[in-house]
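A short write-up of the structure that comes next.
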Amino acid sequence: MNALARIFATPQGIVFLVAVLFAVVLGLLNPAFFTPSTLIDLARNGLVTGIFAMGVMMVLASGGIDVSHTAIGAFAMYATMKIVLGIDLDLPIIAYFVIAAAIGAGLGLVNGLLIGGLGLNTLIVTLGTLSFFRGALLTFLGTTYITSVPREVINFSRTILIRIENAVGQMVSLPASFLVLVAVTIALAIIMNFTLFGRKVYAIGGSEEAAQRIGIRIKRVKVLIYVIAGAIAGLAGMTHVTLSRMANPFDLVGMELNVIAAVVLGGARITGGHGTVLGTLLGVFVITMINTTLLMAGVPSYWQKFVIGCLIIVGTGLPIVFDRLAKHRQRMARPLEA
Amino acid sequence: MNALARIFATPQGIVFLVAVLFAVVLGLLNPAFFTPSTLIDLARNGLVTGIFAMGVMMVLASGGIDVSHTAIGAFAMYATMKIVLGIDLDLPIIAYFVIAAAIGAGLGLVNGLLIGGLGLNTLIVTLGTLSFFRGALLTFLGTTYITSVPREVINFSRTILIRIENAVGQMVSLPASFLVLVAVTIALAIIMNFTLFGRKVYAIGGSEEAAQRIGIRIKRVKVLIYVIAGAIAGLAGMTHVTLSRMANPFDLVGMELNVIAAVVLGGARITGGHGTVLGTLLGVFVITMINTTLLMAGVPSYWQKFVIGCLIIVGTGLPIVFDRLAKHRQRMARPLEA
Amino acid sequence: HAQDAKHSIVTVVKLSGIAWFNRMEDGVNEYAAETGHDATQVGPASADAALQVQMIEDLIAKKVDAITVVPNSPEALEPVLGKALDAGIKVIGHEASSLQNITYDVEAFDNAAYGRHLMEALAQAMGGEGEYAVFVGHLTAKTHNEWVDAAIEYQKEKYPNMTLVTDKLESNEQQQTAYQKTKELLRTYPNLRGIQGSAGEDVVGAALAVEEAGLDGKVKIVGTSLVSVAGPYLETGAIEMISFWDPAKAGIAMNKVASMAIAGEEITDGMDLGVEGYNAIKLDGKVLYGQAWVDVTTDNMSEYDF
Amino acid sequence: MNDEASGSTPILQMRDIRKAYGPVRVLEDVNLELSTGEVRCLAGENGSGKSTLIKILSGVVSADAGQVSLNGRQLGNDPMGAITAGLSVIYQDFSLFPNLSVWENIGFLTSVTSADVLHKRSARRRLAIDTLKRMQVEIDPDTPVELLPVASKQLVAIARALANRARIIVMDEPTTALTRSEVAHLLEIVGALKKEGVSFLFVSHKIEEVFAVCDTVTVLRDGSVVVEGPIGEFDTERLVEAMTGRSVDSQRLPREEGAVQRPFLAASGLGRRGNFVDVDLELRPGEIVSVVGLLGSGRTELAQTLFGYMKPDAGRIEIDGETVTFKSQHDAIERGIAYVPEDRLTEGLFLNQSIRDNITVSSLEKSTHFGIVSAASLLQRARDAVKNLRIKTPDVTPAVATLSGGNQQRVVLARWMEIDPRLLILNGPTVGVDVGSKREIHELLVSLSRSGTAVMVVTDDIAEAIALSDRILVMVRGRITAGFDAATVDEDTLYNEVIREDRT
Ligand SMILES: Nc1ncnc2c1ncn2[C@@H]1O[C@H](COP(=O)(O)OP(=O)(O)OP(=O)(O)O)[C@@H](O)[C@H]1O
Ligand SMILES: Nc1ncnc2c1ncn2[C@@H]1O[C@H](COP(=O)(O)OP(=O)(O)OP(=O)(O)O)[C@@H](O)[C@H]1O
Ligand SMILES: [Mg+2]
Ligand SMILES: [Mg+2]
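Residue numbers (this note's numbering), protein chains in the order written: chain H, 1 to 338; chain V, 1 to 338; chain U, 1 to 306; chain Z, 1 to 504.
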């Protein structure tokens, strides 16, 4: 009872409960829902959002916000393809991801220097760079689809981790790109929990002033945060190419609010200091599930927006209401003696 | 010299200077630029952005942020057309605007209650309602274009305030919808500068705690802020219908960051307490000018994003750099004698 | 003399930067180079009618001689095109035979005939039976709807053993959307055997989803696209056949018609525009039809580099 | 005294430290030395510059002039440098991370100084548990700090400084929220560490602690060192005198005594859980009542309750003999009550907005006709107020942030005088105000009171209470324990009453 109440009192808890409820209802409506193939489908669909979300979670944990990540991802993926096609060398697939991450990190550095170095507001800076990076991509790199992606990318796209047959005998497959999400998640979990840098991120998100006072070099940490977030966005962009087998410079941008919604549903607070890798995965999972399952249930896709909107509001609102009630009860329980 | 330096030290100042520079360069490239017809064109193109920007400015001045305004505008415009076509009455055009504003105000009330009443974070709430309102619109109201707009709307669309001949003998005209922007601007200027409520908005944006201490009923004021912002968004939506002569439920959403960029360029601060009606008009003007003139100059439209991104970063970054330099110089100018 | 004057003709396309309209731009440029007229092409960054309206507003202000336009949504453009005509600008449409406010509309072919042609190819691939679905770029795109409507009608008449499983699907001319919707389709209709695409991205998105589901070869895909877009899937056989009309030729034809209109020359039925595929045009009111479609399969894909 | 300290080279030297915030000089040529194993008390009134000196020492704030050297090495303007040189600070505001657990807060400083790359969970957690055990306090090391009560937060802040094996520990009022036994433990630890050669700079308003633990004293007044020496040279009286000074401003202001009037506000049996209890209070027009007490004694909450900002749990408030319940401070303002908060920087002023707006913001109604505010009238009123209160500014349009502390305080006063309050409650009315301005503000308040306004002042400045008030109430741990006639009470008596902790 008490444990349940405590779960209810966290945003993730509520989000999770709603998600479970959702799944149960869908399972009742459509028994095919509770099959491994659904899970694989979810994993495939939430892949790019998930990778983006990791970087955004770190930024939110540090008390910032990043809306430019999709532009970084699009820029990095397109630039990578241009570079690789330009030099015309046979590179192993890992090199593609390294290049994309490096380009992403470079763009992240721009954010980092403006935010950490100049001390500008993170929302303004990333709003600016969202427009700036995207403009630079379309203006200087090009606007045409790159469909003739190199053989390595195509091969990687066709590499399948798991392939199972679903209820109707079709193949549902988890592409190797899923490993990118796994790698980013593990790496970020290690960074955030087992390195001092990660703890400094939370510390800055908790209180910038206090962090400065105990000798944390805030500027340096902030710059690094945005560089890492940029690199992760670059990986997300490259992953997108391996999924769609083409580089479309118009892709990705536009999903930034969706990614932020997933991260917030996963328990990261927009005011900083909170956010976990696992929670973020949960948030991405829930958003992807809602998108995917509503489609499966034949509900028009516009419902998704409606449901996700509700979830964000309820998921962040209810805990506050519970918290207020608890605080009030706590004070009333105290004796009148001062 | 000093005055110039002071202008340079404000974001609006820099934005304005860049805009003037821009105009001069364009004027040199294309003498047709410096004609009244260009101005009219700008006024026409910046109309909807300008109306939205007014509501967003008020929200920013109060220390909040509103990304849901476009969803409110789209909802209000589509709902208004549905209602009017449903009741099949001949209403004067003003009634359309009243209905749209009322619907917008109702949706704004949702934001207001969540933000003012529950005390939730404004970005989260409006992210949620952006998704929620849009989903509700597409799910419950419809997804088809309404092209058979009533006669009154068409007539209003055809009403022209100014029609002048441009250099080559073509007509450039300012539609009557421009009056909506004028009315909203004047009304908001009065509200923000000459009513108690307006001063309270700035007070809350300056310091919520201090505002509370002097007896301002923060919750009430906040609710009202979002209601008014909603109403303005509704008007923007209806204005959009009168310009495009059709109600497309997919329109408007997606321009929210553009509107916020215009407001920020106009000097409103994302941290609250600042923002003027005039500055906002300037910001809208600059963004519209960049969009329009780059097109006129035959520059690919992606440049716009690039330039606007630069402008946001420079406009907010340079004043901080100048400020720091000034502070440093000031400290250095002091005699060592304490 | 009107013929000697330099005409400024601007072609406004649905979306700039994609292969299709880049090819059209090649044609526009070729026309400009050959005739010396000031012919250029512009297009919005996203396939949005409002952006096209804005561009045309600007062109009116710039007082060009003619605007040729490939509209995202003809209805949405009517007012502004009307304004252009009022301003004395010639307006030539393409893929928009329903437009009212135009001087002429140039169509590569009769849309119904093209739709029937694609359906015939799909039916052949499917062996004349099974479930199929159709994509359009936008539900408001007149041309796509005409192709698809004619195709469906043709199927009902000629191939009664084939069934259309659901309403026309909208891809927003996005590969990602086509991909997602195809996945959805396959899940809902496991017996689906054919997909007909309209926008260039439709077949590519569909092919990716079909291939991922391990159904390539089983689900036949036919539609409008370009070799540069659909090439990899044509090669593997995931896409059965694509058809297109050469946008470069269409671009030249539009500009040609625009020049003639500016010069006050009359267009007549059966006329030869001097452009391949438009050698004997059919005139129906203000609409001109050519016979300019091209079919591509694995065998002849190497002949096209756009 | 401290034999091993005398003669040895100082571990810490601060030379000719100077600091000004804008036109306000906070520190002037301050010198301070600390030897190995020495415990030095830094004493001084509120706003005398103690915290600023400490922030300069720790590198958080840069001095305008002067040097700080630790172990003979000069320190730059960098917190990291000071910390690695062996300095730990317990800040007045704790500076903890609310989102992190207790053990992580305690261990963080050590992690930063040892330049860890990996997060050594178990080692840091053990360190935290050991430190807490050494302090003999029981706090669950895994709770997030934001869930702790204030006293525990303070203990965590202390533990963080102790855990870092620092050579110098600076404590800026470390005991404000602690109970006697917790203070005793802390003082024991200080004694033990001192034997290990750790030096302390200790700031406290609690005189008995100072005498219990310190070897030497440095007294700051208005930013300058007025006296320093071994603790043996001082007794309570001399120390208090050194801190408060005997300059003009501590003289009681002359005033005419009027006839006693009916109370405007009367509180009886007022109580609020965890803050104060059984408060009886009468505030009359023409009288200034001071409530003095230490931080955490509940004075602020009492003042805020009278202002309707907090709700009482017991007792009642009467205004003009009529029982009232305030739903919010709005109701209190409508009843004619004004409240000047203690921290005007965060609670009272809109720093980035103009002087005019700040003065008129709470009385816009006066210039409003049919819902429209008259800008001309606002400007006129603001100008008049600036003239009446002698606010030093060329115009009423600059932002308040450009004014000096004393003038900012006057802006706050001006704002409340604009609403013509019947009761003015001021919390620390002259904190951060220079000596001259302090006097002027006192004069203003006295004349305001003589013109028929009831005035209540919350302060921990004893001299101010005596100089300003007619009646002084002492609050200890949430109870009013004594009342004095300001004309007859002397500072020592008052101080002894204030620092008396548990009174039965
Ligand atoms: N950031 C700042 N800007 C302007 N003035 C400041 C700032 N910080 C401190 N001051 C002023 O400097 C003076 C000294 O402040 P400080 O905090 O050092 O006092 P203190 O002796 O620690 O007082 P207390 O006993 O209340 O802690 C005060 O007048 C204060 O208002
Ligand atoms: N927002 C808060 N949350 C938790 N505890 C608080 C809060 N505000 C005050 N307290 C605590 O309530 C108690 C009373 O504080 P209060 O500010 O009334 O003291 P004070 O007597 O005014 O002290 P000062 O000398 O600083 O003015 C203290 O223990 C304080 O730390
Ligand atoms: Mg202090
Ligand atoms: Mg206090």
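Glycine residues also receive a C-beta, built at the ideal position from the N, C-alpha and C atoms.
Query - Which listed residue (V:S62, V:F197 and V:N45) has its alpha carbon closest to that of V:G275 - result: For the purposes of this step, residue 275 of chain V is taken as the residue at position 275 of the second sequence. Closest by alpha carbon: V:S62.
Query raised in the report: Thinking C-alpha only, which one of H:D88, H:L281 and H:I146 is nearest H:V241?
Result: Mapped onto the first sequence, residue 241 of chain H falls at position 241. Taking only the C-alpha atoms, the option nearest H:V241 is H:I146.
Query raised in the report: chain V partners of Z:T368, CB-CB under 7 angstroms?
Result: What you label residue 368 of chain Z is simply residue 368 of the fourth sequence in a count that begins at 1. Under a criterion of Cβ atoms nearer than 7 angstroms, the residues of chain V adjacent to Z:T368 are, in order, L196.
Query raised in the report: At what residues does the beta strand (DSSP E) containing H:L161 begin and finish?
Result: Sequence index remark: in the first sequence, residue 161 of chain H carries index 161 (1-based). Per DSSP, the unbroken beta strand (DSSP E) holding H:L161 starts and ends at I160 to E165.
Query raised in the report: chain U beta carbons: is any one of them nearer than 9 angstroms to that of V:Y302?
Result: Within the second sequence, residue 302 of chain V is the residue found at index 302, counting from 1. For V:Y302, the answer is yes, since a Cβ of chain U falls inside 9 angstroms of its Cβ.
Report task. Answer with buried or exposed for Z:T397, where buried requires no fewer than 16 other C-beta atoms within 10 angstroms of its C-beta. Result -> Taking the fourth sequence and counting its residues from 1, the one referred to as residue 397 of chain Z is at position 397. Per the 10 Å Cβ criterion, exposed.
Requested in this report: Whole angstroms is fine: what's the gap from Z:G81's alpha carbon to H:V201's?
Outcome: Sequence index remark: in the fourth sequence, residue 81 of chain Z carries index 81 (1-based). Sequence index remark: in the first sequence, residue 201 of chain H carries index 201 (1-based). CA-CA distance, Z:G81 to H:V201, rounds to 21 angstroms.
Report task. Check whether the Cβ atoms of Z:A157 and V:G215 sit closer than 9 angstroms, and answer yes or no. Result -> The sequence position of residue 157 of chain Z within the fourth sequence is 157, counting from 1. The sequence position of residue 215 of chain V within the second sequence is 215, counting from 1. The Cβ-Cβ distance between Z:A157 and V:G215 does not fall below 9 angstroms.
Query raised in the report: Are three or more beta carbon pairs between the segment 287 to 296 of chain Z and the segment 441 to 453 of chain Z nearer than 8 angstroms?
Result: Cβ pair count under 8 angstroms is three or more, so yes.
Query raised in the report: What residues of chain Z sit near H:I216, judged by a beta carbon separation below 9 angstroms?
Result: Along the first sequence, read from residue 1 onward, the residue named residue 216 of chain H stands at position 216. In chain order: P79, M80, F108 and V112.
Query raised in the report: Going by C-alpha distance, which of H:V263, H:L26 and H:G272 is nearest H:L281?
Result: For the purposes of this step, residue 281 of chain H is taken as the residue at position 281 of the first sequence. Ranking H:V263, H:L26 and H:G272 by Cα distance to H:L281 puts H:V263 first.
Query raised in the report: Just curious, the alpha helix (DSSP H) that H:Y202 is in, first and last residue?
Result: As a first step, residue 202 of chain H is located in the first sequence; it is residue number 202 there, counting from the start. That run of the alpha helix (DSSP H) goes L196 to G206.
Query raised in the report: Around the Cβ of Z:D490, are there at least 16 other Cβ atoms within 10 angstroms (buried) or fewer (exposed)?
Result: Translated into the one-based positions of the fourth sequence, residue 490 of chain Z becomes position 490. Z:D490 sits exposed, since fewer than 16 C-beta atoms from the chains shown fall within 10 Å of its C-beta.
**Report entry** Residues that H:L274 contacts on chain Z, provided the C-beta gap is smaller than 8 angstroms
**Finding:** What you label residue 274 of chain H is simply residue 274 of the first sequence in a count that begins at 1. Residue 274 of chain H is actually His in this sequence, not Leu. Per Cβ cutoff of 8 angstroms: N99.
**Report entry** Neighbouring residues, chain U, relative to H:T147 (Cβ below 7 angstroms)
**Finding:** For the purposes of this step, residue 147 of chain H is identified with residue 147 of the first sequence, where counting begins at 1. Identification of chain U residues near H:T147 by a Cβ-Cβ cut-off of 7 angstroms yields S228, V229, G231 and P232, ordered along the chain.
Report task. Output, in chain order, the set of chain U residues within a Cβ distance shorter than 8 angstroms of H:L127. Result -> In the first sequence, counting from the first residue as 1, residue 127 of chain H sits at position 127. Correct list: empty, because the minimum Cβ distance to chain U is about 18 angstroms.
Requested in this report: Give the C-beta separation of U:D149 and U:A178 to the nearest angstrom, bearing in mind that I take them to be a contact with Cβ-Cβ under 8 angstroms.
Outcome: In the third sequence, the residue the question calls residue 149 of chain U occupies position 149. In the third sequence, the residue the question calls residue 178 of chain U occupies position 178. That pair is no contact at about 19 angstroms.
Query raised in the report: What are the uninterrupted segments assigned as alpha helix (DSSP H) that are 4 or more residues long and contained completely in the segment 228 to 284 of chain V, given in chain order?
Result: 256 to 265, all fully within the segment 228 to 284 of chain V.
Report task. Return no unless some Cβ of chain H is closer than 9 angstroms to the Cβ of Z:D116. Result -> What you label residue 116 of chain Z is simply residue 116 of the fourth sequence in a count that begins at 1. So, interface residue.
**Report entry** Assigned secondary structure, V:R324 (DSSP; H/G/I helix, E/B strand, else coil)
**Finding:** As a first step, residue 324 of chain V must be located in the second sequence, where it is residue number 324. Three-state DSSP puts V:R324 in a helix.
Query raised in the report: Is there a Cβ from chain U that is less than 9 angstroms from the Cβ of H:I154?
Result: On the first sequence, residue 154 of chain H is found 154 positions in, with the first residue counted as 1. By this cut-off, H:I154 is an interface position.
Query raised in the report: Bridge partners of Z:N427, per DSSP?
Result: Start at 1 with the first residue of the fourth sequence, and residue 427 of chain Z comes out as number 427. Partner(s): Z:V458.
Report task. Output yes if chain H places a C-beta closer than 9 angstroms to the C-beta of U:N22; else output no. Result -> Here residue 22 of chain U corresponds to residue number 22 of the third sequence, with the count starting at 1. It does; some Cβ of chain H falls within 9 angstroms.
Query raised in the report: Buried or exposed: which applies to Z:G7, given that a residue is buried once 16 or more other Cβ atoms fall within 10 Å of its Cβ?
Result: The residue you call residue 7 of chain Z lines up with position 7 of the fourth sequence. Because Z:G7 carries a pLDDT of 49, less than 50, the predicted location of this residue cannot be relied on, and the following value inherits that uncertainty. Exposed is the call here.
**Report entry** Z:A20 at chain H interface by Cβ criterion, 9 angstroms
**Finding:** Residue numbering aside, residue 20 of chain Z sits at position 20 when the fourth sequence is read from its first letter. No - not a single Cβ of chain H is within 9 angstroms of the one on Z:A20.
Report task. Measure the C-alpha to C-alpha separation of Z:F276 and Z:G37 and round it to an integer number of angstroms. Result -> Position 276 of the fourth sequence holds residue 276 of chain Z. Position 37 of the fourth sequence holds residue 37 of chain Z. If you take the alpha carbons of Z:F276 and Z:G37, they lie about 40 angstroms apart.
Query - Any C-beta of chain H under 9 angstroms from that of Z:S247 - result: The residue you call residue 247 of chain Z lines up with position 247 of the fourth sequence. Because Z:S247 carries a pLDDT of 47, less than 50, the predicted location of this residue cannot be relied on, and the following value inherits that uncertainty. Residue contact with chain H for Z:S247: absent (no Cβ-Cβ distance below 9 angstroms to any residue of chain H).
Report task. With a threshold of 16 other CB atoms inside 10 Å of the CB of V:F178, please say whether the residue is buried or exposed. Result -> Position 178 of the second sequence holds residue 178 of chain V. V:F178 counts as buried, since no fewer than 16 other beta carbons sit within 10 angstroms of its beta carbon.
Requested in this report: Using the DSSP secondary-structure output, state which residues sit across from Z:H369 in a beta bridge.
Outcome: Locating residue 369 of chain Z in the fourth sequence gives position 369, where the first residue counts as 1. DSSP lists Z:I372 as partners of Z:H369.
Requested in this report: Say whether chain H places a C-beta atom closer than 9 angstroms to the C-beta of U:Q52.
Outcome: Taking the third sequence and counting its residues from 1, the one referred to as residue 52 of chain U is at position 52. Closer than 9 angstroms: no.
Requested in this report: Give me the Cα-Cα distance between Z:L57 and Z:V68, rounded to the nearest whole angstrom.
Outcome: To locate residue 57 of chain Z, count along the fourth sequence from 1; it is residue 57. To locate residue 68 of chain Z, count along the fourth sequence from 1; it is residue 68. Their backbone Cα atoms lie some 7 angstroms apart in a straight line.
Requested in this report: May I have the straight-line CA-CA distance separating V:Y302 from U:V13, to the nearest angstrom?
Outcome: Here residue 302 of chain V corresponds to residue number 302 of the second sequence, with the count starting at 1. Here residue 13 of chain U corresponds to residue number 13 of the third sequence, with the count starting at 1. Rounded to the nearest angstrom, the gap between the Cα atoms of V:Y302 and U:V13 is 15 angstroms.
Query raised in the report: Would you say the segment 147 to 160 of chain H touches the segment 155 to 166 of chain U, given that touching needs at least three Cβ pairs under 8 angstroms?
Result: These segments do not touch.
**Report entry** Range of the contiguous alpha helix (DSSP H) that encloses U:A151
**Finding:** In the third sequence, counting from the first residue as 1, residue 151 of chain U sits at position 151. The continuous alpha helix (DSSP H) containing U:A151 extends over residues K142 to K158.
Requested in this report: Can you tell me which of Z:Y339, Z:L220 and Z:R134 puts its alpha carbon nearest to the alpha carbon of Z:L186?
Outcome: For the purposes of this step, residue 186 of chain Z is taken as the residue at position 186 of the fourth sequence. Out of Z:Y339, Z:L220 and Z:R134, the CA that lies nearest to the CA of Z:L186 is found in Z:R134.
**Report entry** Spatial distance of Z:H205 from V:T126 (CA atoms)
**Finding:** For the purposes of this step, residue 205 of chain Z is taken as the residue at position 205 of the fourth sequence. For the purposes of this step, residue 126 of chain V is taken as the residue at position 126 of the second sequence. Distance between the alpha carbons of Z:H205 and V:T126 is about 48 angstroms.
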